[in-house]
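Single-structure report; data block below.
Numbering (my numbering), first residue to last: 74 to 312.
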């Protein structure tokens with residue numbers, strides 16, 4: 074019955090423009106707020122909290138990544154293979170880093186003596202138009218700004234400013250995608266709130282000409298259909 078419900082939900086999602094390749098690695102108690110269209114590969118998604126996690130329209134995930142926790146991922150993000158995002162830490166000032174002393178559900182004979190979970194940092198936030206390369210690691214507590222690029226293999230330990238390109242271990246700014254004045258204008262106009270079919274009528278290859286044409290075009294902003302998905306009961310609700 075569970076398999077049938079999953080297949081029925083997958084069909085409903087596809088009709089809504091949301092393609093999810095596999096359910097096998099989704100946590101059983103997830104609440105997701107999804108904008109359509111969306112493409113999610115064969116990845117692991119979980120969450121440490123009960124608040125719905127959000128994924129914006131036109132974002133795509135390649136397979137073989139693990140998103141142990143995140144608060145939100147914006148629109149038009151490109152997420153490559155092998156990414157690890159929001160993994161929990163192990164305490165280093167206790168007897169052991171092994172979880173038997175804090176995960177009473179699984180290990181403790183006297184469950185009252187199990188120590189509390191270490192304070193977790195906030196789950197990561199990924200902005201709009203973010204590109205994360207293969208095998209990058211994004212630690213908890215990190216916010217990646219709009220338009221940023223995370224190079225393949227980078228370990229992101231601190232916030233990444235909008236339109237910064239970062240790489241290395243730990244990740245550091247390599248350069249900016251555009252001059253500061255261009256970045257400020259892009260952040261002001263928030264092009265990800267407009268339809269791709271309208272944007273592609275403008276010169277997207279020359280950022281200066283794009284900004285001129287965008288200002289003259291007076292494009293109408295758009296809203297994307299939004300759905301709430303619950304993996305516990307395979308329910309899908311239009312918001």
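Each residue gets a CB set at the ideal place from its N, CA and C atoms; glycine is no exception.
**OP:** Enumerate, from N- to C-terminal direction, the unbroken beta strand (DSSP E) stretches of 3 or more residues contained entirely within the stretch 267 to 304.
**Re:** 299 to 303
**OP:** Take the Cβ of residue 219 as the centre, count every other Cβ of all protein chains shown within 10 Å, and call the residue buried at 16 or more, exposed below.
**Re:** Taking the chain shown and counting its residues from 1, one reaches residue 219 at position 146. It counts as buried.
**OP:** Could you please give me the residues that DSSP links to residue 157 through a beta bridge?
**Re:** Residue 157 sits at position 84 when you count from the first residue of the chain shown. Paired residue(s): 139, 210.
Original post:
Pick from 311, 290, 268: whose alpha carbon is nearest that of residue 300?
Top reply: As a working note, residue 300 is residue 227 in the chain shown. Comparing Cα-Cα distances from residue 300 to each of 311, 290, 268, the minimum goes to 311.
Subject >> Coarse secondary structure for residue 92, derived from DSSP in three states >> reply: Here residue 92 refers to the residue found at position 19 when the chain shown is read from its first residue. If DSSP states are grouped into helix, strand and coil, residue 92 belongs with the strands.
Subject >> Cβ-based neighbour list, residue 204, same chain, cut-off 6 Å, excluding 5 preceding and 5 following >> reply: The sequence position of residue 204 within the chain shown is 131, counting from 1. Excluding residues within five positions, the ones whose Cβ falls inside 6 Å are 151, 222.
**OP:** Give the secondary structure of residue 308 by DSSP, where H, G and I count as helix, E and B as strand, and everything else as coil.
**Re:** By 1-based counting over the chain shown, the position of residue 308 is 235. DSSP places residue 308 in strand when its eight states are reduced to three.
Subject >> Whole-angstrom distance between residue 149 and residue 84, CA atom to CA atom >> reply: On the chain shown, position 11 is the one that residue 84 refers to. On the chain shown, position 76 is the one that residue 149 refers to. Their Cα atoms are separated by approximately 23 Å.
Original post:
Can the beta-carbon of residue 210 be found closer than 9 Å to that of residue 158?
Top reply: Taking the chain shown and counting its residues from 1, one reaches residue 210 at position 137. Taking the chain shown and counting its residues from 1, one reaches residue 158 at position 85. Yes, Cβ-Cβ distance for residue 210 and residue 158 is below 9 Å.
Subject >> Beta-carbon proximity list for residue 94, same chain, < 6 Å, skipping 5 on both sides >> reply: Position 21 of the chain shown holds residue 94. Cβ neighbours of residue 94 beyond the five flanking positions: 114, 115.
Original post:
Quick one: what's got a C-beta closer than 7 Å to residue 163's C-beta in the same chain, skipping five residues either side?
Top reply: In the chain shown, counting from the first residue as 1, residue 163 sits at position 90. Excluding sequence neighbours, residue 163 sits near 170.
**OP:** State buried or exposed for residue 173, treating a residue as buried only when at least 16 other CB atoms are found within 10 Å of its CB.
**Re:** The residue labelled residue 173 in the question sits at position 100 within the chain shown. So residue 173 counts as exposed.
Subject >> residue 119 in three-state terms, based on DSSP >> reply: Within the chain shown, the letter at position 46 stands for residue 119. The answer is coil: DSSP assigns residue 119 none of H, G, I, E or B.
**OP:** Report the option in 293, 196, 145 whose CA atom is closest to the CA atom of residue 108.
**Re:** Against the chain shown, residue 108 aligns to sequence position 35. Nearest of 293, 196, 145 to residue 108, Cα basis: 145.
Subject >> Cβ separation of residue 216 and residue 232, assumed to be a contact under 8 Å, to the nearest whole Å >> reply: Here residue 216 corresponds to residue number 143 of the chain shown, with the count starting at 1. Here residue 232 corresponds to residue number 159 of the chain shown, with the count starting at 1. Confirmed, Cβ separation roughly 5 Å.
Original post:
So what does residue 237 bridge to, in DSSP terms?
Top reply: For this step, residue 237 is matched to residue 164 along the chain shown. Per DSSP, 249.
Original post:
Should residue 302 go down as buried or exposed, given a rule of 16 or more other Cβ atoms within 10 Å for buried?
Top reply: In the chain shown, residue 302 corresponds to position 229, counting from 1. Result: buried.
**OP:** Report all residues from its chain with a CB closer than 6 Å to the CB of residue 112; omit the five preceding and five following residues, and keep chain order.
**Re:** Locating residue 112 in the chain shown gives position 39, where the first residue counts as 1. Correct list, in chain order: 92, 133.
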